[in-house]
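Chemist: Heads up, my numbering is the position in the sequence shown plus 37, with the first residue counted as 1.
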Amino acid sequence: MNEPIVFKRSVLIGQLVLVQLLVTPLVAIGMLYGLATLHEVPFDAEFRTLAVLIAILAPTVIQRPRSDSMAILPRSWSIATSLVLRWLLLLAILFAIGYVTRMSTEFSRRVILTWALVTPVPLIVISIALHELIRRFMHSSANAREAVVAGFSDVSRTLVERIRGSRELGIVVKGYFDDRSSERLGLPERKLLLGGLSDLTAYVNANDIEVIFIALPMRQVQRVVDLLEELRDTTASIYFVPDIFVVDLIQSRTADIQGVPIVALCETPFHGTRGLVKRSMDIVFSSLALMVLSPFFVLVALLIKLSSPGPAIFRQRRYGLDGRVIDVLKFRTMTVTEDGAIVLQATVDDKRITPIGRVLRRYSIDELPQFFNVLRGTMSLVGPRPHAVAHNEQYRRLIKGYMVRHKVLPGITGLAQVNGCRGETSRLEEMQRRIEYDLDYLRHWSPTLDLKILIRTALLFLGDRKAY
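Here it is as structure tokens:
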């Protein structure tokens with residue numbers, strides 16, 4: 038996949054960004070060595086192995102992904118929150134590796150515990166300082182490139198608004214070129230219309246314009262070709278802004294296949310290494326959860342069998358990744374095991390729910406066997422909640438874009454659930470709101486977002502009134 042457009046930046050900024058990437062492993066390893074020395078613990082082979090793991094994992098796990106938002110310079114509180122969450126993820130991975138390899142017993146608990154608690158402080162301070170330093174260089178007028186836009190439309194207006202709202206991009210938009218009048222275009226300022234399309238090349242050469250955005254409609258292909266031919270007499274960087282971006286896209290990005298440029302309109306967020314990060318989180322956390330909860334599972338299964346006839350584990354067919362049918366595991370909470378063409382949603386005071394089932398549903402304990410689904414790879418910890426096949430067939434005909442949610446693995450919890458979209462969906466609007474959150478999750482996924490959803494789910498565990 039191609040990298041995003043990189044605008045004018047000095048060599049010094051590039052060096053600072055490189056330092057930003059390396060600061061996490063350097064600080065983490067430095068703190069580990071310093072604390073071992075302080076506690077008079079030898080930095081032996083086990084500690085050196087841990088340092089190597091930190092050097093490998095830290096840049097990937099803790100480095101903030103570029104796709105979190107359009108701004109590459111987040112606010113200080115966002116940096117701090119992101120670093121703490123990612124630091125916890127790194128610790129979880131390291132502890133899991135230590136548990137599996139049985140190396141965890143070889144370390145001084147005092148050193149490791151102190152290191153885990155103290156290291157985030159210098160990480161946050163140094164990261165914020167580096168972000169501020171980079172921000173100052175990027176906001177410098179000497180680092181800005183002057184740009185113009187060929188063609189005024191909704192997409193070009195949105196582009197200019199976002200550029201002006203993101204000073205760190207280092208672009209100053211001078212105005213538009215269009216063959217229509219400013220009154221017809223509805224421009225807020227008449228001076229923003231710099232001339233017609235035929236005036237573009239002369240203006241660019243006379244004013245040393247460095248960037249040109251061509252935002253003409255796709256139907257005007259020949260006009261775009263002619264304009265490109267005229268602009269060959271300039272040294273400006275030229276970018277084409279297709280008007281397909283006025284529609285709602287999922288994980289849109291540009292790429293090429295053997296040199297042929299393409300634009301992704303609807304794609305999974307888990308391409309390349311992002312999929313590896315997502316799957317690693319699922320394996321680590323689900324394995325730990327199953328090890329801890331196994332005795333509890335046996336107790337719950339025994340209570341279900343003693344309270345009512347039927348299996349302890351209920352399997353229900355639901356749609357998974359790419360719309361393929363999967364079996365989702367749940368503790369049985371009803372006197373029935375419906376999985377046919379018609380499945381009635383559970384309601385308040387539903388007579389089908391058993392007494393022990395009501396307790397299990399109240400605290401979402403019935404969902405815990407889905408950790409097995411996660412470990413098998415048919416579900417994820419976080420993602421759109423899977424619906425019964427019968428419900429899918431009903432809502433896919435009623436809600437536009439409903440099936441797009443199946444471009445990722447379904448989750449035990451999701452963005453919709455932590456925002457109150459749980460329980461019965463007696464009205465179409467309730468399901469539509471749930472789907473909007475699901476699609477928003479696909480647009481903005483990051484490891485940090487998954488961690489935030491998991492934390493919010495844990496906080497809701499004891500107080501969700503919509504669980505019944």
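All C-beta atoms, glycine included, are put in the ideal place defined by N, C-alpha and C. Keep in mind it's a predicted model, so treat the numbers as computed, not measured.
Between the C-alpha atoms of Ala-95 and Leu-125, what's the straight-line distance to the nearest angstrom?
Modeler: 11 Å
Chemist: Would you report the Cα separation of Gly-360 and Phe-409, rounded to the nearest angstrom?
Modeler: 20 Å
Chemist: Please specify which runs of the alpha helix (DSSP H), each continuous and at least 4 residues long, are wholly inside the region 219-269, giving them in chain order.
Modeler: 219-222, 237-244, 258-267
Chemist: Check Thr-291 in the structure and name its three-state DSSP category.
Modeler: strand
Chemist: Just list the residues that DSSP pairs Met-468 with in beta bridges.
Modeler: Bridge partners of Met-468 according to DSSP: none are assigned.
Chemist: Quick one: measure Cβ to Cβ for Tyr-356 and Pro-423, integer angstroms, because I've assumed they're closer than 8 Å.
Modeler: 6 Å
Chemist: Could you check whether Asn-456 and Tyr-474 sit closer than 9 Å to each other, using their CB atoms as the reference points?
Modeler: Closer than 9 Å, so yes.
Chemist: Would Ala-88 and Pro-79 qualify as a contact pair, given that the criterion is a beta-carbon distance under 9 Å?
Modeler: no
Chemist: Determine the direct distance from the alpha carbon of Asp-215 to that of Val-158, and round the result to whole angstroms.
Modeler: 53 Å
Chemist: Tell me whether the region 196-210 and the region 231-243 touch, counting them as touching only if at least three CB pairs, one residue from each stretch, are closer than 8 Å.
Modeler: no
Chemist: Please classify Thr-156: does DSSP put it in a helix, a strand, or coil?
Modeler: coil
Chemist: Measure the alpha-carbon distance for Leu-34 versus His-428 and round it to whole angstroms.
Modeler: Outside the modelled stretch of the chain, which goes from 38 to 505, sits residue 34, for which no answer is possible.
Chemist: Which same chain residues end up closer than 6 Å to Arg-290 when comparing Cβ atoms and leaving out the 5 residues on each side of it in sequence?
Modeler: Ala-301
Chemist: List the DSSP bridge partners of Met-368.
Modeler: The identity of residue 368 in the sequence shown is Phe, whereas the question assumes Met. The partner list for Phe-368 (beta bridge, DSSP) reads Ile-350.
Chemist: Answer yes or no: do Val-278 and Ala-184 have a C-beta to C-beta separation smaller than 9 Å?
Modeler: Not a contact, by the Cβ cut-off of 9 Å.
Chemist: Identify the residues that DSSP records as bridge partners of Gly-212: which are they?
Modeler: Val-185
Chemist: With DSSP as the reference, label Ser-104 as helix, strand or coil.
Modeler: Reliability fails at Ser-104, whose pLDDT of 38 lies under 50, so the model's placement of it is uncertain and no value is given.
Chemist: If we call anything under 9 Å between Cβ atoms a contact, is Leu-340 one with Phe-351?
Modeler: no
Chemist: Check the DSSP bridge columns for Arg-355 and list the partner residues they point to.
Modeler: Ile-363, Ala-425
Chemist: Could you spell out the range, first to last residue, of the alpha helix (DSSP H) harbouring Val-337?
Modeler: 310-344
Chemist: Once you ignore the five residues that flank Asp-477 on each side, which residues in its own chain have a CB closer than 8 Å to its CB?
Modeler: Result list for Asp-477: Leu-452, in chain order.
Chemist: State the start and end residues of the unbroken alpha helix (DSSP H) segment that holds Phe-277.
Modeler: No alpha helix (DSSP H) contains Phe-277, which is instead part of the beta strand (DSSP E) from 274-277.
Chemist: Any idea what DSSP makes of Gly-457, helix, strand or coil?
Modeler: coil
Chemist: DSSP three-state label for Leu-87, please.
Modeler: helix
Chemist: Please look up how many angstroms separate the CB atoms of Ala-92 and Thr-156, rounded, as I've assumed it's under 8 Å.
Modeler: About 14 Å; that fails the 8 Å criterion.
Chemist: For Leu-448, which beta-bridge partners are listed by DSSP?
Modeler: First, the amino acid is wrong: residue 448 is Gly here, not Leu. Note: Gly-448 sits in a beta bridge opposite Ser-417.
Chemist: Which one or two residues does DSSP pair with Ile-390 in a beta bridge?
Modeler: Met-371
Chemist: Using three-state DSSP, classify Leu-55 as helix, strand or coil.
Modeler: helix
Chemist: Per DSSP, what kind of secondary structure is Thr-485 in: helix, strand or coil?
Modeler: helix
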